[in-house]
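In terms of numbering that gives the first Met the number 0, the sequence shown has 309 at position 310, counting the first letter as 1, and numbering is strictly consecutive.
Note sheet for the following structure.
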Amino acid sequence: MKIDLHNLTIKKAHDHLMAGDFTSVELTQAYLDVIAKKNKDINAYLQVFDDALEAAKKADVKIAEIRNKKSKIEDQGSMLLGIPCATKDNILIKGKIASSSSKILEDYHATYNATVISKLEKEGAIFLGRTNMDEFAMGGSTENSAYGVTKNPFDLKRVAGGSSGGSAASVAMDGSLFALGSDTGGSIRQPASFCGVVGLKPTYGAVSRYGVMAMGSSLDQIGPLTKTVTDAEIVFNAIRGKDIKDGTTVDEHRGQAFATRLPRPGLLSAKPIIGVPRHFLGGDGINKDVLKSFESALTLFKEKGYEIRDIQLPNISYALMVYYIVMPAEVSANMARFDGVRFGLHVDGKNGIDDYFETRRAGLGREVIRRILLGTYVLSSGYYDAYYNRANAVRRMITDDFLKAFQDVDLVATPTAPSPAFNIGEKTDDPVAMYLEDIFTVTANITGMPAVSIPCGSVGVLPIGLQLTARHGDETALFSAGKDFLNEQ
Ligand code: GLN
């Protein structure tokens, strides 16, 4: 059977694998062929693993076993068995390089597996390679990579978004069936929006961060980039769960109890109510075509029987400022470990302390250094109360705004990003313009709530994303509305 990668989803591929229409080796080879053809232009992958086909062979043996036994038992095998995927370069796979797209970790080989990797490995997923990103996940365009920008598969003059730009582009160019990204302030959702794919940032604590390089520890989550909402749900279910190695993880039941207000009786059959913070959508910085697509998305929801309500989030305009204080503060602490001794690059200086400076000067890019400086400043004595503590107080207020809104509605809808994919180089000289790209996405990280970006139209060839945010632990509401929107059910 000829494999139609463009229209393939995890669900379809699983059915074909189980029916024996094609093997995992054939599927993996098909992806490797696309990567060989397209990656030199798009630069989604930093490295393609040479053991992918070997892993696919093993998956095929398991698939054959399940197929032979199928008449007797109802074991369909894991949905991810034999499914090829890509992983962001800040996620550790034992024995393989994990560089976070930084020079400082150019030759760093991971000594253990991230929990998400162990989980996917157990499910039988095939790792195709590691994807490009903004250095240490700091950025919104993948232009901060030490290994060149990732181009948008829809228009090679434009960025793929970031920081998980390589992961999003790998799915969009049919170079993987799903990819993992990390999201500290929008790094899964914004590139998903720019590349026309689905991107999920789970509830804080739903997915283990063990073995994923920390950026902002109170904000980071790992999540999937996929072609459909159904696929995002499949991957999320595979990687979620309590992990003894990450004390912030919660188990699935806790996740639900966590919700501020359990769904009203009968909600499972009724449609979730969607809230729209209109007062936050009027700014000049928001592209008119994005707003148009957003309005059409709301109309479509209405036609599908959803109730749309106007909501107030009084402190949401402070979200970006809170993020750009809390995040660099945590970045500055997390980056201290790259000292030229423990991991990766070492450059000799005149003495011990000088080694540290020389190593970091040679190994870290400008944006990373900028954030370390900002973070060190806001945490320094005398400024700590004025900046970091204040930001945390406002963080709580923003969370409370959302919790209050969720007494009336089940989902909050906004555009994912204020613009479609921008030109390469357009914002590199203006960090603040780049930071403004995160205006809609940072709130989910600040509040810890789950959020998804789903494709909702395009401007010319450029995709646009719609963002839905839900209560803590209520990914189900995101999936059900998302599937409905994309006609997946
Ligand atoms: N664009 C945001 C930033 O630059 C988000 C990064 C992320 O989520 N890793 O910080």
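Note that the Cβ used here is the ideal one computed from N, Cα and C, for glycine as well.
Straight-line Cα distance separating residue 6 from residue 326: Here residue 326 corresponds to residue number 327 of the sequence shown, with the count starting at 1. Here residue 6 corresponds to residue number 7 of the sequence shown, with the count starting at 1. Spanning the two alpha carbons is a distance of roughly 38 Å.
Where residue 23 falls: helix, strand or coil (DSSP): Numbered from 1 along the sequence shown, position 24 holds the residue referred to as residue 23. Correct three-state label for residue 23: helix.
Which listed residue (246, 151, 136 and 195) has its alpha carbon closest to that of residue 213: Counting from 1 along the sequence shown, the entry for residue 213 is found at position 214. Nearest C-alpha to residue 213: 136.
Beta carbon of residue 115 nearer than 8 Å to that of residue 423: Taking the sequence shown and counting its residues from 1, one reaches residue 115 at position 116. Taking the sequence shown and counting its residues from 1, one reaches residue 423 at position 424. Contact flag unset, no.
DSSP bridge partner residues for residue 94 (one or two, in chain order): Position 95 of the sequence shown, counting from 1, holds the residue named residue 94. Residue 94 is not bridged by DSSP to any residue.
Distance, residue 313 Cα to residue 225 Cα: Residue mapping note: residue 225 aligns to position 226 of the sequence shown, counting from 1. Residue mapping note: residue 313 aligns to position 314 of the sequence shown, counting from 1. It is roughly 33 Å from the alpha-carbon of residue 225 to the alpha-carbon of residue 313.
Inter-residue spacing [alpha-carbon to alpha-carbon] between residue 469 and residue 352: The residue you call residue 469 lines up with position 470 of the sequence shown. The residue you call residue 352 lines up with position 353 of the sequence shown. Residue 352 has its alpha-carbon roughly 47 Å from the corresponding atom of residue 469.
First through last residue of the beta strand (DSSP E) which encompasses residue 454: Residue mapping note: residue 454 aligns to position 455 of the sequence shown, counting from 1. Per DSSP, residue 454 belongs to the beta strand (DSSP E) from 450–458.
Which listed residue (465, 323, 334 and 8) has its alpha carbon closest to that of residue 387: As a position in the sequence shown, residue 387 is number 388, starting the count at 1. From the listed residues 465, 323, 334 and 8, the smallest Cα separation to residue 387 is found for 323.
C-alpha gap between residue 294 and residue 419, whole angstroms: One-based indexing of the sequence shown puts residue 294 at position 295. One-based indexing of the sequence shown puts residue 419 at position 420. Each residue's Cα considered, the two are about 15 Å apart.
Cβ-heavy atom distance, residue 437 to the ligand GLN, below 7 Å: Stepping through the sequence shown from its first residue, residue 437 is reached at position 438. At a cut-off of 7 Å, the beta-carbon of residue 437 counts as near the ligand GLN: some heavy atom of the ligand is closer than that.
Backbone CA spacing between residue 219 and residue 231 [nearest angstrom]: Here residue 219 refers to the residue found at position 220 when the sequence shown is read from its first residue. Here residue 231 refers to the residue found at position 232 when the sequence shown is read from its first residue. Approximately 18 Å, taken between the alpha carbons.
Inter-residue Cα distance where the pair is residue 4 and residue 198: The count along the sequence shown starts at 1 and reaches residue 4 at position 5. The count along the sequence shown starts at 1 and reaches residue 198 at position 199. Taking the straight line from one Cα to the other gives about 19 Å.
Residue 45 versus residue 151: straight-line alpha-carbon distance, rounded: For the purposes of this step, residue 45 is taken as the residue at position 46 of the sequence shown. For the purposes of this step, residue 151 is taken as the residue at position 152 of the sequence shown. Here the alpha carbon of residue 45 sits roughly 15 Å from the alpha carbon of residue 151.
Heavy atom of the ligand GLN within 7 Å of residue 139 beta-carbon: Stepping through the sequence shown from its first residue, residue 139 is reached at position 140. Yes.
Helix, strand or coil at residue 386 according to DSSP, with G and I counted as helix: What you label residue 386 is simply residue 387 of the sequence shown in a count that begins at 1. Looking at residue 386 - three-state DSSP - the assignment turns out to be helix.
Residue 432: CB within 7 Å of a non-hydrogen atom of the ligand GLN: Translated into the one-based positions of the sequence shown, residue 432 becomes position 433. Not under cutoff, so the answer is no.
Contacts around residue 201, its chain only, beta-carbon distance under 7 Å, and the 5 residues preceding and following it disregarded: What you label residue 201 is simply residue 202 of the sequence shown in a count that begins at 1. Excluding residues up to 5 positions away in sequence, 220, 222, 235, 239, 449 and 474 lie with their Cβ nearer than 7 Å to the Cβ of residue 201 in the same chain.
Nearest residue (CA-CA) to residue 331, options 375, 365, 306 and 389: Stepping through the sequence shown from its first residue, residue 331 is reached at position 332. When only C-alpha atoms are compared, the closest one is 375.
Residue 19 versus residue 373 - alpha carbon distance: Residue numbering aside, residue 19 sits at position 20 when the sequence shown is read from its first letter. Residue numbering aside, residue 373 sits at position 374 when the sequence shown is read from its first letter. For the pair residue 19 and residue 373, the Cα-to-Cα distance works out to about 55 Å.
Buried/exposed call for residue 206, threshold 16 Cβ in 10 Å: Mapped onto the sequence shown, residue 206 falls at position 207. Residue environment for residue 206: buried (at least 16 other C-beta atoms within 10 angstroms of its C-beta).
Segment contact, 8 Å Cβ cut-off, at least three pairs: the segment 162–180 with the segment 101–108: The segment 162–180, when compared against the segment 101–108, does not touch it at the 8 Å Cβ threshold.
Cβ neighbours of residue 184 in the same chain (closer than 7 Å, five flanking residues each side left out): Taking the sequence shown and counting its residues from 1, one reaches residue 184 at position 185. Cβ-Cβ distances below 7 Å link residue 184 to 218, 322, 326, 437, 440, 441 and 444 in the same chain, with the five nearest sequence neighbours on each side left out; the list follows chain order.
Per-residue burial, residue 471 [other beta carbons within 10 Å of its own, 16 or more giving buried]: Taking the first residue of the sequence shown as position 1, residue 471 is located at position 472. Burial call: buried.
Beta strand (DSSP E) runs contained entirely in the segment 363–430, provided each spans 3 or more residues: Taking only runs of at least 3 residues, the beta strand (DSSP E) segments lying wholly in the segment 363–430 are 410–414.
Proximity test, Cβ basis, 8 Å: residue 419 and chain B: Looking for chain B here will not work: only one protein chain is present.
6 Å Cβ shell around residue 280 - same chain, five flanking residues per side excluded: Numbered from 1 along the sequence shown, position 281 holds the residue referred to as residue 280. Closer than 6 Å at the Cβ level, and outside the excluded window around residue 280, lies no residue.
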